[in-house]
Structures are given as structure tokens and as C-alpha cells.
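Top to bottom, those sequences are chains P and W.
Quick note: the first sequence uses the working numbering, first residue 554, plus one each step.
Quick note: the second sequence uses the working numbering, first residue 554, plus one each step.
Notes to accompany the following structure.
Number of protein chains: 2
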Amino acid sequence: MLYPNNIKKNFTKINNHANRGMDLEYLLEITNQYYIDKDIAYIYKKPTPIGIVKVDYDQRKILEAYFQKPSTLDYNGIYKGYYIEFDAKVTKQKSAFPITNVSSHQITHIKHILKAKGIVFLLIMINDEYYVFMGQDFIDFINKNERKSIPYSYIKEKGYEIKYNFTKGLDYLQVIDKLIGE
Amino acid sequence: MLYPNNIKKNFTKINNHANRGMDLEYLLEITNQYYIDKDIAYIYKKPTPIGIVKVDYDQRKILEAYFQKPSTLDYNGIYKGYYIEFDAKVTKQKSAFPITNVSSHQITHIKHILKAKGIVFLLIMINDEYYVFMGQDFIDFINKNERKSIPYSYIKEKGYEIKYNFTKGLDYLQVIDKLIGE
């Protein structure tokens, strides 16, 4: 866990938007741990990149640092020999997912992973539902549309809904399994 | 880059061992960037995990944090559809590579990646030479030996030496290419 519990609570108080992201992250932590425990897959969240400004070297203690934006997606790993990479994205909007939630660096990275034959997707939380939205569908949408957001109806149509499961959290690999089968 | 240049210089002064690690990291940064630029592979160093203690939320500024030990390997990504993971390890010892350079969490993780059919290795710097030492050879050595270090002669025998190249840094994928071919 990156944040001790007390910090997590503070985040909740201060920033409800961030908190919703945290909730999704928490569910995915359950899922990924389940996969590891059952020897199904080894997928980890990358640590948040930090720009370090001031360090106490004797104590190896960081005194000033800032959160940075990652240029890759947050989660990656291996499943049945396949390279898997995805990001968890939360929107409070009900009718659409704003494309600005994905940085231009991340969009470039998604294209790279597709080119290298990896499995890449967004796990989108919208209207309290969870969708696996494949990287290729995301890139296709951007290429074919001038819109700055993806309609909820489109996500429902192209995406694959995952229902929350008490033991498994958000078992996104069931979707990947189907796609590998095809 | 995780560390601004001034911090990197301080590290150099304070800790020569860390500095040697930094040098290897710097070479691999050149290599991985070369792979990305040439659309060969997408392999990144994971950010160092940080345990955050105190944050100024208004400024999104970290006021107290500590470096943590990663339980996975530092580098991972995708090459020709293959999952690649490795760690860069430096030893000042001339006759052997101490196994304690690899944490028990990392050893477990290497076993997991092998099981999931990923390509996993250590990139070992010893006697100013660089070796790709495959995960399976590493695990085999641990299983068959009581020794706490791997003799240099064994690394020379089982590992694959990579020579430094001005443009490519340490082109470790040439080794992987050969192994994929077999």
C-alpha cells in the first residue's frame, strides 16, 4: 500500500473525486491479490512517480517531493504468457467519459502496446458500473470522432461490464479470457 | 528521470555503491529509450516505491516520505508480444555475486513470472562487465547450492555478456532474440 490508512482517510475528506479513484484502486488491489494468491496472474500497480526535491541522506528520508503524472498506464503484468496493461479511470459524469482523463502520453503508450501485440485496456467506472474498454476501441473512437468525450451508451455497447464480486473484486480477466478465446 | 541532476550528484558523493547502480540505470535508460524510439520494445523502469507519511494537500506536496524496497523487479514491458521483466544488479565483489542482492520477495516474484511463461532475468554488472543472467538459471542455482553467492565463473558460463554500445547502451534484447529463436 502506497498510503498509510490515516493518509487515505484524509484524501477522502479533502477530495471526493480522488476518493472515488481510490475506491476503484482498492477493489483492484483485492482482485490482483486474488490473482496472485491463486497463481492466476501477476499484475501490479506501478508506484506513483514522485519528483524528489529534497532528501535527508543520512536518514534516507524525503523532505520535499511532488506527485508526477505517469506516462504509461498504472497496472501491468503477465497472464498466461500475455502482456497485460491497463489503467483505472473514474468519472463522475453520467452521460460520457471525458477523453482528457487519459493523458496524451498515455494515449501514445496505448498505441505502442497495441503495436507490440500486448493486451491493453481502460477499466472505466461510470454511473457506479465498471467496464473493460479495450485499447483498440478507445483509439478507434479517438480516430473517428471529434468529440472530447465517449458517450456512456458507446461504452455500454463496446465495453464489457464487470460486476463486483466479494472474493474477486473486479474480475477483469474473465473478459480477457473471452477475447483470448476468440 | 526520478531524480533531478543535483540530487543525482549528491548521491554520487555520498554513496559510491549506489552510484555504480545509478551508472547501470543510466545505461539502461539509454537502451530503453533507444528501443522506444525505434519501435522495438516498450520497457520501462518502475518508479521507486515511496512510503508517504506527511503531505501538504493544498500544494499536493510531500513533506515526509521514505524509500521502500520493491517486491517485483525494477523493469518490465513488452517485446514482440513477449512479457519481459528484469532487474539491474551491481556488485563490487570480483569473485562472486551475493544472492542477498536479490530480496526474498524478488526471488518469489521471479518464480511467479517463470510459471506464467514470462521472460525474466537479472542484468548483472560484475568486474565492469555486463551479463544477462536468466531467471531460470538463477532459480536453479539457488535450488542446487547452499552457497550465498554465485561465483563469477558461473555467471560467465551461464550468463550472456553484453558489450556497451554508444548508441544502444546495453542492448540486452539481442540475447533475448537468440533465446526466443531457440
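In this text, a Cβ means the ideal position worked out from N, Cα and C, and glycines have one as well.
Owing to the predicted nature of the structure, the values given are computational and were not obtained by experimental measurement.
Which stretch, first to last residue, makes up the beta strand (DSSP E) that contains residue i?
| i | result |
| --- | --- |
| I695 (chain P) | Counting along the chain, I695 (chain P) falls outside any beta strand (DSSP E), though it belongs to the alpha helix (DSSP H) covering 688-697. |
| K668 (chain P) | Note, K668 (chain P): premise wrong, no beta strand (DSSP E); alpha helix (DSSP H) at 657-668. |
| S702 (chain W) | 702-704 |
| N629 (chain W) | 628-632 |
| I596 (chain W) | 594-598 |
Check residue i in the structure and name its three-state DSSP category.
| i | result |
| --- | --- |
| H570 (chain W) | Caution is warranted here: a pLDDT of 44 is assigned to H570 (chain W), below 50, making its placement in the model unreliable, and the coordinate value is therefore given only provisionally. If DSSP states are grouped into helix, strand and coil, H570 (chain W) belongs with the helices. |
| N680 (chain W) | coil |
| Y717 (chain P) | coil |
| Q621 (chain P) | coil |
| I603 (chain P) | strand |
| M554 (chain W) | Confidence in M554 (chain W) is poor, its pLDDT being 34 and thus under 50, which makes the residue's placement unreliable; the coordinate value appears in the next sentence. M554 (chain W): coil per DSSP, three-state reduction. |
| N559 (chain P) | Model confidence at N559 (chain P) stands at a pLDDT of 39, short of 50, so the residue's coordinates are unreliable; what they give is reported in the following sentence. DSSP places N559 (chain P) in helix when its eight states are reduced to three. |
| G712 (chain W) | coil |
| T565 (chain W) | Here the model assigns T565 (chain W) a pLDDT of 38, short of 50, so the residue's position is not dependable, and the following value carries that caveat. Helix at T565 (chain W). |
DSSP beta-bridge partners for residue i?
| i | result |
| --- | --- |
| D640 (chain P) | P:L675 |
| E582 (chain W) | Per DSSP, none; premise fails for E582 (chain W). |
| D609 (chain W) | W:K614 |
| G722 (chain W) | W:N718 |
| Y635 (chain W) | W:Y632 |
Residue i CB to nearest chain C CB: under 7 Å?
| i | result |
| --- | --- |
| T625 (chain W) | In summary, chain C is missing from the structure at hand, where the protein chains are P and W. |
Using CA coordinates, which residue listed in the options is at the minimum distance from residue i?
| i | options | result |
| --- | --- | --- |
| Y725 (chain W) | W:A618, W:N696, W:Y632 | W:Y632 |
| G734 (chain P) | P:L577, P:D611, P:Y635 | P:Y635 |
| D609 (chain P) | W:Y619, W:G604, W:D609, W:V608 | W:Y619 |
| I672 (chain P) | P:E682, P:Q612, P:P600, P:Q689 | P:Q689 |
| D693 (chain P) | P:I652, P:E682, P:Y683, P:Y717 | P:I652 |
| I615 (chain W) | P:N680, P:L667, P:G604 | P:G604 |
| V606 (chain P) | P:Q612, P:P600, P:R613, P:E617 | P:E617 |
| G630 (chain W) | P:P600, P:I729, P:H665 | P:H665 |
| L577 (chain W) | W:Q727, W:K711, W:K731, W:I715 | W:I715 |
| M687 (chain W) | W:Y713, W:P600, W:I695 | W:Y713 |
| I708 (chain P) | P:L581, P:A669, P:N680, P:T720 | P:N680 |
| K731 (chain W) | W:V685, W:Q612, W:P602, W:L667 | W:V685 |
| E582 (chain P) | P:R613, P:K645, P:Y628 | P:Y628 |
| I703 (chain W) | W:A649, W:D611, W:S657 | W:A649 |
| A669 (chain W) | P:Y705, P:L667, P:I637, P:V655 | P:I637 |
| K647 (chain P) | P:Y579, P:N696, P:Y705 | P:Y705 |
| I695 (chain W) | W:Y579, W:D611, W:S656 | W:S656 |
| L580 (chain W) | W:Y683, W:I729, W:E710 | W:Y683 |
| E710 (chain W) | W:F719, W:L723, W:F691, W:G722 | W:F691 |
From which residue to which residue does the alpha helix (DSSP H) around residue i run?
| i | result |
| --- | --- |
| K731 (chain P) | 726-734 |
Shorter than 6 Å, the distance from the beta carbon of residue i to the closest heavy atom of the ligand NAD, or not?
| i | result |
| --- | --- |
| L726 (chain P) | The ligand NAD is absent from the structure shown, which contains no ligands of any kind. |
Is the number of C-beta pairs between the region 593-605 of chain P and the region 585-596 of chain W that are closer than 8 Å three or more? Segments in contact, no.
Under 8 Å, with one C-beta from each stretch per pair, do the region 610-627 of chain W and the region 659-675 of chain W reach the 3-pair mark? With the rule of 3 Cβ pairs closer than 8 Å, the region 610-627 of chain W counts as touching the region 659-675 of chain W.
Across the region 634-645 of chain W and the region 671-680 of chain W, are there enough close Cβ pairs to call them in contact, namely three or more that are closer than 8 Å? Short answer: they touch.
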